[in-house]
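Mapped onto this note's numbering, the consecutive letters of the sequence shown carry residue numbers 15 to 197. So the structure is just underneath, and the comments pick up after that.
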Amino acid sequence: MSNALLPLFPLQVVMLPGTPMPLHIFEDRYKEMIGEAISTSTEFGIVQAGEKGILNIGCSVTVEKVVESYEDGRMDIIVRGRRRFEIVLLDEEKSYLRGSVQFFDDEEGSDAPNDLRAMAIAGLTALRSADDSEDIYIPDSRDPQLSFRVAWFITDLVLRQTLLGLRSEAERLRQLNAFLPEY
Numbered sequence: 015m016s017n018a019l020l021p022l023f024p025l026q027v028v029m030l031p032g033t034p035m036p037l038h039i040f041e042d043r044y045k046e047m048i049g050e051a052i053s054t055s056t057e058f059g060i061v062q063a064g065e066k067g068i069l070n071i072g073c074s075v076t077v078e079k080v081v082e083s084y085e086d087g088r089m090d091i092i093v094r095g096r097r098r099f100e101i102v103l104l105d106e107e108k109s110y111l112r113g114s115v116q117f118f119d120d121e122e123g124s125d126a127p128n129d130l131r132a133m134a135i136a137g138l139t140a141l142r143s144a145d146d147s148e149d150i151y152i153p154d155s156r157d158p159q160l161s162f163r164v165a166w167f168i169t170d171l172v173l174r175q176t177l178l179g180l181r182s183e184a185e186r187l188r189q190l191n192a193f194l195p196e197y
């Protein structure tokens with residue numbers, strides 16, 4: 015468990031490791047939180063805000079770029095997902111939430127076989143081709159976190175949250191491969 019408290023940003027999104035996300039920061043408490051993260055080059059956590067509060071699995075992020083700063087303190091930023099965590103304890107002493115978190119990785123030996131990887135790439139290629147997008151990005155099938163790169167294109171928050179909590183690349187790809195044909 016980490017001794018330091020991780021600042022938490024509840025949003026109606028699921029952040030994934032290695033993926034970018036643009037954010038518009040406008041609330042005073044989050045301007046303070048993001049300002050501290052920028053000035054100290056530290057992570058903060060993004061957790062999905064649900065109907066019954068925040069979920070306990072999230073993803074830490076770092077600010078990759080400040081796109082624009084406004085006179086009133088608002089800012090447009092781009093963050094990138096880093097590490098998955100589970101919230102152990104919430105702290106509400108500041109104007110924004112913080113949590114004592116435990117970071118986690120995949121379990122040993124949970125690598126995905128090539129057939130699962132190939133199916134995920136084929137499913138993503140079909141999905142992206144249907145978008146009529148001229149710029150079709152397809153991740154490298156050897157990427158150790160291929161499942162997160164594929165899931166970045168999927169908007170289903172339930173699936174994304176499930177994948178975020180799984181500790182096996184093979185299991186994440188199995189779930190994606192079952193989901194993609196229906197998507």
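Backbone N, C-alpha and C fix where the C-beta goes; we use that ideal spot for every residue, glycine too.
**Q.** Neighbourhood of Asp170 by C-beta, 8 Å cutoff - its chain only, sequence neighbours within 5 removed
**A.** Within the sequence shown, numbered from 1, the residue matching residue 170 stands at position 156. Once the five neighbours on either side are set aside, the close Cβ partners of Asp170 are Phe193 and Tyr197.
Q: Within the segment 38–103, note down every full beta strand (DSSP E) run reaching 3 residues or more, in order along the chain.
A: 58–64 and 67–83
Q. For Ala132, does the count of other Cβ atoms within 10 angstroms reach 16, so buried, or fall short, so exposed?
A. Within the sequence shown, numbered from 1, the residue matching residue 132 stands at position 118. Ala132 is exposed by the Cβ-count criterion.
Q. What is the DSSP secondary structure of Asp105, counted as helix, strand or coil?
A. To locate residue 105, count along the sequence shown from 1; it is residue 91. Here Asp105 sits in strand by DSSP.
Q | Buried or exposed by the 16-neighbour rule on C-beta atoms within 10 Å, applied to Glu57 | A | For the purposes of this step, residue 57 is taken as residue 43 along the sequence shown, with counting starting at 1. The residue is buried, with at least 16 neighbouring Cβ atoms inside 10 Å.
Q) Which whole-angstrom value is the C-beta distance of Leu30 and Leu190, which I expect to be below 8 Å? A) Along the sequence shown, one-based indexing puts residue 30 at 16. Along the sequence shown, one-based indexing puts residue 190 at 176. Not a contact, Cβ separation roughly 12 Å.
Q) When the distance is taken between beta carbons, is Ile91 closer than 7 Å to Val75? A) Against the sequence shown, residue 75 aligns to sequence position 61. Against the sequence shown, residue 91 aligns to sequence position 77. The answer is no: Cβ separation not under 7 Å.
(Q) So the candidates are Leu22, Ser53 and Glu85; which of them puts its Cα closest to the Cα of Gly59? (A) For the purposes of this step, residue 59 is identified with residue 45 of the sequence shown, where counting begins at 1. The shortest Cα separation from Gly59 among Leu22, Ser53 and Glu85 belongs to Leu22.
Q. Excluding sequence positions up to five away, which residues of its chain have a Cβ less than 6 Å from the Cβ of Ile135?
A. Within the sequence shown, residue 135 is the residue found at index 121, counting from 1. If we look at Ile135 and ignore the five residues flanking it on each side, its Cβ neighbours are Ser155.
Q | Within 7 Å, strictly: CB atoms of Ser114 and Ser182 | A | The residue given as residue 114 occupies position 100 in the sequence shown. The residue given as residue 182 occupies position 168 in the sequence shown. Not in contact: Ser114 and Ser182 (Cβ atoms no closer than 7 Å).
Q: May I ask you to report which of helix, strand or coil DSSP gives Gly32?
A: Position 18 of the sequence shown, counted from the start, is the residue given in the question as residue 32. Coil, per DSSP.
Q) Below 7 Å between beta carbons: does that hold for Arg112 and Asp119? A) Sequence index remark: in the sequence shown, residue 112 carries index 98 (1-based). Sequence index remark: in the sequence shown, residue 119 carries index 105 (1-based). No, these two residues do not count as a Cβ contact at 7 Å.
Q. What span of residues does the alpha helix (DSSP H) with Phe193 cover, start to end?
A. Working through the sequence shown from its first residue, we reach residue 193 at position 179. Unbroken alpha helix (DSSP H) run through Phe193: Glu183 to Phe193.
Q: Compare the C-alpha of Glu121 against each of Glu185, Ile152, Ser53 and Asn70 and name the closest.
A: Indexing the sequence shown from 1 puts residue 121 at position 107. Nearest of Glu185, Ile152, Ser53 and Asn70 to Glu121, Cα basis: Glu185.
Q.
Rounded to whole angstroms, what is the Cα-Cα separation between Ile168 and Arg174?
A. Here residue 168 refers to the residue found at position 154 when the sequence shown is read from its first residue. Here residue 174 refers to the residue found at position 160 when the sequence shown is read from its first residue. When rounded, the distance between both Cα atoms is 8 Å.
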